[in-house]
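S.K.: Going by my numbering, the sequence shown opens with residue 37, and the numbers climb by one from there.
For each residue, glycine too, the CB sits at the ideal point set by N, CA and C.
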Amino acid sequence: MRSAFVIPALDAERTIGALVSELVGATRGSDAWLAPSVIVVDDGSSDRTAEAARAAGAEVVRHERNRGKGAALLTGLRRAHERGARAAVTLDADGQHPASEALALARSSAPPEALVLAIRNLREAGAPRKNRFSNAFSNWWMSLFARRHLRDTQCGLRRYPLPETLELGALGTGFEFESEVILRAVRHGIPVVEVPARVVYPPERERTTHFDSVRDPARIVYRLLHTAFTTSFRARSVR
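What follows is the structure in structure tokens.
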């Protein structure tokens with residue numbers, strides 16, 4: 037199955053080059069048709085994120101102004117679909133998702149029409165306590181609206197089926213996009229598959245995040261409420 041790697045990036049000059057190089061190296065030698073391409077969406081960065089990504093071998097799509105992670109993901113998914121990809125594996129630009137884990141997701145035996153979610157062990161990975169609380173809060177709300185237990189709804193490492201994801205009509209432009217897509221997928225009968233994955237949290241002084249642990253969970257809940265009241269269930273589809 038032909039796939040693409042999609043990386044939304046904002047002011048990620050320090051980490052994006054190494055990440056892209058690692059992805060390109062991990063797929064080198066694969067069949068030219070099946071080898072995943074690497075697409076970086078520069079979401080209005082003020083540094084040299086685009087130049088660093090391009091120099092490392094990525095195709096770069098640039099937003100002239102910052103539009104939010106959801107908007108960047110949607111741009112990347114559309115570009116991957118235009119390039120003929122059947123699926124897009126997304127990962128964060130800060131390097132917390134190893135290339136080997138992203139490649140494993142691309143090669144997962146899950147059905148091509150499935151949304152594949154990476155499941156992290158946040159405590160084992162050394163995630164800050166506020167991140168673990170925020171994640172648990174979002175998971176609780178997601179499970180409530182989806183009417184089944186979902187273990188990790190906030191991990192940016194996942195495999196989106198194309199064109200199914202693009203047809204869901206997700207509206208969120210920020211971090212809430214990722215939760216909204218899960219709920220819409222469940223309600224549209226798209227299989228949702230959960231697989232364990234290793235993540236790496238750098239030392240606190242080296243961490244860069246644009247996620248607000250108070251504001252963004254609130255936006256997620258608002259978006260889920262809106263989606264819950266404007267869509268209906270078609271099938272039970274979590275595995």
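Assuming residue 226 is part of the alpha helix (DSSP H), what are its boundary residues?
M.R.: Here residue 226 is taken as the residue at index 190 of the sequence shown, counted from 1. Run containing residue 226: none; DSSP gives neither H nor E here.
S.K.: Taking buried to mean at least 16 other C-beta atoms within 10 Å of its own C-beta, is residue 261 buried or exposed?
M.R.: Reading the sequence shown from its first residue, position 225 is the one you call residue 261. Label assigned to residue 261: exposed.
S.K.: Which residues share a DSSP beta bridge with residue 41?
M.R.: Residue mapping note: residue 41 aligns to position 5 of the sequence shown, counting from 1. 74 and 125.
S.K.: Entirely within the region 175-203 and at least 3 residues each: give me those beta strand (DSSP E) ranges in chain order.
M.R.: 194-197
S.K.: Is residue 274 helix, strand or coil when you go by DSSP?
M.R.: Here the question's residue 274 lines up with position 238 in the sequence shown. Note on residue 274: pLDDT 49, under 50, position unreliable in the model; no value is reported.
S.K.: Taking the alpha helix (DSSP H) that residue 100 falls in, what are its first and last residues?
M.R.: Here residue 100 corresponds to residue number 64 of the sequence shown, with the count starting at 1. Counting along the chain, residue 100 falls outside any alpha helix (DSSP H), and DSSP gives it neither H nor E.
S.K.: Could you give the first and the last residue of the continuous alpha helix (DSSP H) run that contains residue 264?
M.R.: Here residue 264 corresponds to residue number 228 of the sequence shown, with the count starting at 1. Run containing residue 264: 251-266, per the alpha helix (DSSP H) assignment.
S.K.: If you run the structure through DSSP and keep just helix, strand and coil, what is residue 152?
M.R.: Mapped onto the sequence shown, residue 152 falls at position 116. Shown here, residue 152 sits in a strand according to DSSP, grouped into three states.
S.K.: Pull up the DSSP beta-bridge partners for residue 79, would you.
M.R.: In the sequence shown, residue 79 corresponds to position 43, counting from 1. Answer is 99, bridged to residue 79.
S.K.: Count the other CB atoms, across all protein chains shown, that sit within 10 Å of the CB of residue 133; report buried if there are 16 or more and exposed otherwise.
M.R.: Mapped onto the sequence shown, residue 133 falls at position 97. With at least 16 other beta carbons inside 10 angstroms of its own, residue 133 counts as buried.
S.K.: Between the alpha carbons of residue 120 and residue 197, how many angstroms are there, rounded?
M.R.: Here the question's residue 120 lines up with position 84 in the sequence shown. Here the question's residue 197 lines up with position 161 in the sequence shown. Taking the straight line from one Cα to the other gives about 12 Å.
S.K.: Hey, residue 193 and residue 141 are a contact pair by Cβ (cut 8 Å); roughly how many whole angstroms apart?
M.R.: Along the sequence shown, one-based indexing puts residue 193 at 157. Along the sequence shown, one-based indexing puts residue 141 at 105. At roughly 7 Å, the Cβ-Cβ gap stays under 8 Å, so residue 193 and residue 141 are in contact.
S.K.: Pairs of beta-carbons, one from the region 89-102 and one from the region 55-65, closer than 8 Å: are there three or more?
M.R.: yes
S.K.: Smallest Cα separation from residue 235: which of 227, 163, 201 and 254?
M.R.: Taking the sequence shown and counting its residues from 1, one reaches residue 235 at position 199. Considering only 227, 163, 201 and 254, the residue with the shortest C-alpha distance to residue 235 is 163.
S.K.: Please say whether residue 220 and residue 202 have beta carbons closer to each other than 8 Å?
M.R.: On the sequence shown, residue 202 is found 166 positions in, with the first residue counted as 1. On the sequence shown, residue 220 is found 184 positions in, with the first residue counted as 1. No, these two residues do not count as a Cβ contact at 8 Å.
S.K.: In angstroms, rounded to a whole number, what distance separates the CA positions of residue 168 and residue 217?
M.R.: What you label residue 168 is simply residue 132 of the sequence shown in a count that begins at 1. What you label residue 217 is simply residue 181 of the sequence shown in a count that begins at 1. Rounded to whole angstroms, residue 168 to residue 217 spans 21 Å at the Cα level.
S.K.: On a CA-only basis, which of 182, 171 and 148 is nearest residue 199? Give me that one, please.
M.R.: Taking the sequence shown and counting its residues from 1, one reaches residue 199 at position 163. Of 182, 171 and 148, the residue nearest in Cα terms is 148.
S.K.: Buried or exposed for residue 213, please, with buried defined as at least 16 other CB atoms from any protein chain shown within 10 angstroms of its CB.
M.R.: Walking along the sequence shown from the start, residue 213 turns up at place 177. Buried: at least 16 other Cβ atoms inside 10 Å.
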